[in-house]
Every structure is written in structure tokens, then in C-alpha cells.
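Student: Below are the C-alpha cells for one structure; questions will follow.
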Amino acid sequence: MEDTSLLQLLFLTSLLSSTTNQASLTVSPSSSQMFEGQSVSLSCEEDDSSAGWTLRRNTTRETRTQCGDDWGRPVGSSCNISYMAPWYSGVYWCESREGATSNSITITVTGGPVILQSPVLPVMEGEDLTLTCRTKTSSNLAAGFYKDGSFIRTEPAGHMTIHHVSRCDEGLYKCLISSVGESPPSWVSVTGKPNTTSSPITTSQSLCLPPPPDTLAPPLRLVIHMVVFCPFCISTLIMVSLYRRRAKGNGLPVAMVMTSPTQAEEGLDEDYDDVITAVTREHHF
Ligand SMILES: *[C@@H]1O[C@H](CO)[C@@H](O)[C@H](O)[C@H]1NC(C)=O
Ligand SMILES: *[C@@H]1O[C@H](CO)[C@@H](O)[C@H](O)[C@H]1NC(C)=O
Numbered sequence: 119m120e121d122t123s124l125l126q127l128l129f130l131t132s133l134l135s136s137t138t139n140q141a142s143l144t145v146s147p148s149s150s151q152m153f154e155g156q157s158v159s160l161s162c163e164e165d166d167s168s169a170g171w172t173l174r175r176n177t178t179r180e181t182r183t184q185c186g187d188d189w190g191r192p193v194g195s196s197c198n199i200s201y202m203a204p205w206y207s208g209v210y211w212c213e214s215r216e217g218a219t220s221n222s223i224t225i226t227v228t229g230g231p232v233i234l235q236s237p238v239l240p241v242m243e244g245e246d247l248t249l250t251c252r253t254k255t256s257s258n259l260a261a262g263f264y265k266d267g268s269f270i271r272t273e274p275a276g277h278m279t280i281h282h283v284s285r286c287d288e289g290l291y292k293c294l295i296s297s298v299g300e301s302p303p304s305w306v307s308v309t310g311k312p313n314t315t316s317s318p319i320t321t322s323q324s325l326c327l328p329p330p331p332d333t334l335a336p337p338l339r340l341v342i343h344m345v346v347f348c349p350f351c352i353s354t355l356i357m358v359s360l361y362r363r364r365a366k367g368n369g370l371p372v373a374m375v376m377t378s379p380t381q382a383e384e385g386l387d388e389d390y391d392d393v394i395t396a397v398t399r400e401h402h403f
């Protein structure tokens, strides 16, 4: 915890020292995945335009190339790309002449029929995260959503919202529209609230549940089931046998009680008759 608070302090001081010369990169349309052939505008929103911010990218084919070199068209502090090709997939960022850098954005361009529209920037803890699965022509087809390779759920209208995200919702998401296809995966990151101290971040991260028990090896699962269920089974057996013994023990008296009342009643009646006759006899005298 001390290490993370120290890191946060360093992060904050670096933020403060760089506020004089900052830029943030935004992308329009705001999506981390695009279809091949789409046109895109990337903007370096800057505090100080004299710093000469330019858009750069790393792709699988090239590193640190600049907008206007042999891709994109610079428009002021923005860069327009009229045709996104699959190999344009990569990391984009703004860089000043002095070498200061903005946030970076990962863009995936697919030649396939389905994309997952996920936030380009990290989502703040506690906010809602909406993911849209779409084809080129439609954004409301039923879609299945996956996180880190595991199926989450099917959404009939193609939009999945996760309310009040936590660190645990961070991961690699993808979606699938049946009979159309699957999207590429995209990483969704969640950042801690800026006002909170370091401890909630680390605790909420450590509270993320481990993989579900389905991934456990069968022998281990059996042991866990026995450990969990045996005390219950044993107590149930004890209770059942106790109840049976009681029922047996009570069985005879109950049976006697069942048969005796008639005898007792008869006896009582006889006695009563005797008493009456005796009384009447006494009265007669
Ligand atoms: C750049 O792209 C944006 C958004 O796609 C568009 O509005 C703008 O007209 C384009 N600018 C030029 C010079 O093509
Ligand atoms: C771009 O690639 C270079 C060289 O591999 C690397 O040093 C740099 O960190 C990368 N930039 C980003 C933002 O990923």
C-alpha cells in the first residue's frame, strides 16, 4: 500500500509539472474498433498550440510515424484518415516537438462484419460502461458478450451496460452476432476515482473474485463438495435417527394411549356405575 501511494504521489506530481504543456487525444467517431473503409478524425486537444503537437502511431508495420507522412491528412491540430485499413490497427498518440506525449488510444480496424464499440478512454470507477455490438448497417441486433474469453450474457438489442464499474470489470471484451460474426477483442480499462486514496483501489482489486469453481480440477471440486456438504449430511442423518428413535419410543405409549382410553373409559364408566349404584344404594338406606 505504501508503494502504491508513493506511486500515486509521483503520478500526481508528474501530472502537475506537465499541466503547462498538455494535450489529450480524442477520436471521432468515438470507438476503439472500426470497420475497414471507415473515415476517422483524430484530434490533439492542446493547451498550447505553439508546442507543435502532431499525431503519431505505432502499428504492426511501422513505429512512431507521423500523420501526413504517408497516412492521414493534417487539419490544424487534427488528423483525418479517409480510409481505415486493417493494418492501421495500433496505438495513436499526440507528441509535442519537445517530446511530451498525450494519452494514447488503441484502435482496432477489422475487415470482418462485426465490431464492438467500447470506450476509447478509461472508464472511471463507479460510472456505467456501455458496450455496443454492431454490423455496418445495424446496431440493434441480438448479440452475445464475452469478457476474457468467458460468455457474460446475450443482449437482445446489442447493447450491454455494466452499472457502477469496478476494477474487476477491467478486461478484454468481444461480442458475437450469430449468423453474422464475431468482433475483434478490445481492452476496456477502469481507473480509480481521482479523489480517493490508494487503499480503495488496491482493496477493490484484491476483492475481484477468483475464476468460478468450474475451472477447478474435478478431484478438488469433489473434496470441496464433501467438506461443504458432509457436515450438513451428518447433521441431517443425526436428526433423522433421533426423530426415529423418539417416534419409536413414543410409539408404544401412543399405542397404549390409543387403546387404553376405551378401556379406561369403560373402567371409569363401570366405576362410575358402581359409585352411582353405591350412592343410590346408600341413598336407599
Ligand atoms: C475531417 O474529419 C471530420 C470528421 O470526420 C470532418 O468533419 C471534417 O470535415 C474533415 N476535414 C477535412 C478537411 O476533410
Ligand atoms: C511505439 O513503439 C516504440 C518502439 O517500439 C515504443 O518505444 C513506444 O513506447 C511505442 N509507443 C506507444 C505509445 O506504444
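If you count the sequence shown from 1, position 248 lands on 366 in the working numbering, and the numbers rise without skipping. Even for Gly, the Cβ is constructed at its ideal location relative to N, Cα and C. All values reported here derive from a predicted model rather than from experimental measurement.
Kindly provide the ranges of any beta strand (DSSP E) runs that are 3 or more residues long and lie completely inside the region 144 to 224, ordered along the chain.
Tutor: 151 to 153, 158 to 164, 172 to 177, 191 to 193, 196 to 199, 208 to 213
Student: What are the start and end residues of the beta strand (DSSP E) that includes H277?
Tutor: 277 to 280
Student: Could you tell me which uninterrupted beta strand (DSSP E) segments, each at least 3 residues in length, are contained entirely in the region 216 to 268, listed from first to last along the chain?
Tutor: 219 to 228, 233 to 235, 247 to 252, 261 to 265
Student: Run the CB neighbour count on R252, radius 10 Å, all protein chains shown included, and call it buried at 16 or more, exposed below.
Tutor: With 16 or more Cβ atoms within 10 Å of its Cβ, R252 is classed as buried.
Student: Checking 8 Å against the spacing of the C-beta atoms, do V158 and V241 come in under that value?
Tutor: no
Student: What are the boundary residues of the beta strand (DSSP E) that V283 is part of?
Tutor: No beta strand (DSSP E) contains V283, which DSSP labels as neither H nor E.
Student: Classify L290: buried if its beta carbon has 16 or more other beta carbons within 10 angstroms, exposed otherwise.
Tutor: exposed
Student: Do the region 255 to 271 and the region 291 to 302 meet, that is, are 3 or more Cβ pairs less than 8 Å apart?
Tutor: Taking a cut-off of 8 Å on C-beta distances, the region 255 to 271 touches the region 291 to 302, as three or more cross pairs fall below it.
Student: Per DSSP, what kind of secondary structure is S297 in: helix, strand or coil?
Tutor: Three-state DSSP puts S297 in coil, outside helix and strand.
Student: Do the region 271 to 283 and the region 166 to 181 make contact, defined as three or more Cβ pairs closer than 8 Å?
Tutor: Between the region 271 to 283 and the region 166 to 181, the count of Cβ pairs shorter than 8 Å is below three; the stretches do not touch.
Student: Residue range of the beta strand (DSSP E) that S304 falls in?
Tutor: Note, S304: beta strand (DSSP E), 304 to 306.
Student: Just the Cα atoms here: how many angstroms apart are S301 and M357?
Tutor: Between S301 and M357, the C-alpha separation is close to 56 Å.
Student: Return the residue from the list A260, K265, C326, T250 that minimises the CA-CA distance to C286.
Tutor: C326
Student: Could you name the residues of the same chain whose beta carbon sits closer than 8 Å to that of A260, not counting the 5 residues immediately before and after it, in chain order?
Tutor: Here the set comprises T272, E273, P274, A275, G276, I295, S296.
Student: Determine the burial state of F263: buried for a count of at least 16 other Cβ atoms within 10 Å of its Cβ, exposed for fewer.
Tutor: Residue environment analysis places F263 among the buried positions, since at least 16 neighbouring C-beta atoms fall within 10 angstroms of its C-beta.
Student: Tell me which residues share the same chain as G267 and place their Cβ nearer than 8 Å to its Cβ, disregarding the 5 neighbours each side in the sequence.
Tutor: L290
Student: Which value, in whole angstroms, describes the spacing of the CA atoms of A141 and D165?
Tutor: 6 Å
Student: Enumerate in chain order the residues of its own chain whose CB-to-CB distance from P231 is below 6 Å, with the five nearest sequence positions on each side excluded.
Tutor: T253, V298, G299
Student: Can you list, in chain order, the residues of its chain with a C-beta nearer than 6 Å to that of K311? Leave out the 5 residues immediately preceding and following it.
Tutor: E243
Student: Would you list the residues sitting across from L290 in a DSSP beta bridge?
Tutor: W305
Student: Less than 7 Å between C-beta atoms, sequence neighbours within five positions excluded: which residues of the same chain meet that for P192?
Tutor: C185, G186
Student: Return the CA-CA distance between S135 and W211, expressed in angstroms with no decimal places.
Tutor: Note on S135: pLDDT 46, under 50, position unreliable in the model; the coordinate value appears next. Looking at the two C-alpha atoms, the distance is approximately 20 Å.
Student: Any heavy atom of ligand 2 within a distance shorter than 7 Å of the CB on V258?
Tutor: One point to set straight first is that residue 258 is Asn, not Val, in the sequence displayed. No, the beta carbon of N258 sits no closer than 7 Å to any heavy atom of ligand 2.
Student: Quick check on this structure: which residue in G229, W205, S220 has the alpha carbon closest to the alpha carbon of L160?
Tutor: Its Cα nearest to that of L160, the residue S220 stands out among G229, W205, S220.
Student: How should P379 be labelled, buried or exposed, when 16 other C-beta atoms within 10 angstroms of its C-beta is the threshold for buried?
Tutor: Unreliable positioning characterises P379 in this predicted model, as indicated by a pLDDT of 46, which lies under 50. The coordinate reading is nonetheless provided below. It counts as exposed.
Student: My assumption, with CB atoms under 8 Å, is that Q151 sits in contact with L234. Please give the rounded CB distance.
Tutor: That belief holds up - the Cβ atoms of Q151 and L234 are roughly 5 Å apart, short of 8 Å.
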